[in-house]
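Numbering (my numbering), first residue to last: 401 to 617.
Glycine is no exception: its CB is placed at the ideal position from the N, C-alpha and C atoms.
Shown next, in the form of structure tokens:
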């Protein structure tokens with residue numbers, strides 16, 4: 401099977417698998433990450449097939465929607481790729497990307513590194529910031545029935561992986577616990593440049609939010 405065929409089949413598989421997914425982790429999220437990854441990959445020496453498959457399959461079974469099971473995503477991706485007779489070396493690389501892409505409170509040490517992981521991770525993180533990132537954050541907060549904001553509950557920027565996974569704080573806290581930290585965690589030069597603009601947009605949003613909260617605007 402040629403690369404175009406496996407990419408096409410993977411797109412179909414992901415669309416079907418995520419048909420009823422939460423709005424911030426659905427096919428459109430995957431498509432945006434895929435586009436971001438292709439944009440970044442233009443400026444890097446990389447295996448484009450691995451980048452494409454990593455982007456398409458990175459959230460095929462997000463642990464937060466599967467009782468915290470971090471093995472289900474890599475396992476689902478591996479089973480699919482093996483069923484399509486993809487080269488084992490490519491499969492192993494894609495699985496390692498899925499295993500190491502997540503933020504996990506920012507205290508997670510990657511056990512694997514590659515330029516392809518760097519690209520897909522940057523692409524995924526870009527979709528967590530800026531206008532789309534704001535929309536996704538509040539969409540997920542609504543999905544979990546969380547408060548928008550509570551001035552009495554301070555953000556916790558030093559959570560363990562488990563604390564981050566089980567965090568139920570108001571949605572606005574997530575900006576300080578993750579979104580505003582991503583700009584300085586980007587891997588590639590392209591990712592860093594795009595992140596700067598999106599970060600600035602979020603800062604403006606927060607200023608407006610607090611002004612409206614206090615009835616100043």
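Going by beta carbons, residue 434 and residue 418 fall outside the 8 Å limit. An exposed status is given to residue 608, since fewer than 16 other beta-carbon atoms sit within 10 Å of its beta-carbon. Only residues of its own chain outside the window of five on either side were considered, and among them 538, 541, 570, 571 and 572 have a CB closer than 8 Å to the CB of residue 548, listed in chain order. Residue 599 is positioned such that its CB atom lies closer than 8 Å to that of residue 583. Following the DSSP letters along the chain, one finds residue 605 inside the alpha helix (DSSP H) bounded by residues 589–613. Taking a contact as a CB-CB distance under 8 Å, the pair residue 519 and residue 437 counts as one, their CB atoms being some 5 Å apart. Rounded to whole angstroms, the gap between the alpha carbons of residue 588 and residue 498 is 18 Å.
Taking all protein chains in view, the Cβ of residue 530 is crowded by 16 or more other Cβ atoms within 10 Å, so the residue is classified as buried. In this structure, residue 425 and residue 524 do not form a Cβ contact; the two beta carbons are roughly 11 Å apart against a cut-off of 8 Å. For residue 441, the CB contacts under 8 Å within the same chain, skipping 5 residues up- and downstream, are 448, 451 and 519 in chain order. Closest in alpha carbon position to residue 527, among 606, 472, 484 and 502, is 502. Counted as a single uninterrupted DSSP element, the alpha helix (DSSP H) harbouring residue 515 occupies residues 515–526.
In the structure shown, residue 491 adopts helical secondary structure according to DSSP, grouped into three states. Annotation for residue 574: 537 place their beta carbon closer than 6 Å to its own, counting only its chain and skipping 5 residues before and after. Residue 482 is positioned such that its CB atom lies no closer than 8 Å to that of residue 409. Residues of the same chain with a CB within less than 6 Å of the CB of residue 555, apart from the 5 flanking positions on each side, are 573, 576 and 577 in chain order. In the three-state DSSP reduction, residue 562 falls in the helix class (H, G or I).
Contact check for residue 490 and residue 453: beta-carbon distance about 7 Å, within the 8 Å limit, so the pair qualifies. A Cβ-Cβ distance of about 15 Å is found for the pair residue 414 and residue 472, leaving them out of contact under the 8 Å criterion. Residue state for residue 449 is assigned as helix, using DSSP reduced to three classes.
The beta carbon of residue 423 lies closer than 7 Å to those of 539 in the same chain, with the five residues before and after it left out. A distance below 8 Å between beta-carbons, with the five flanking residues on each side excluded, links residue 532 to the following residues of its chain, in chain order: 432.
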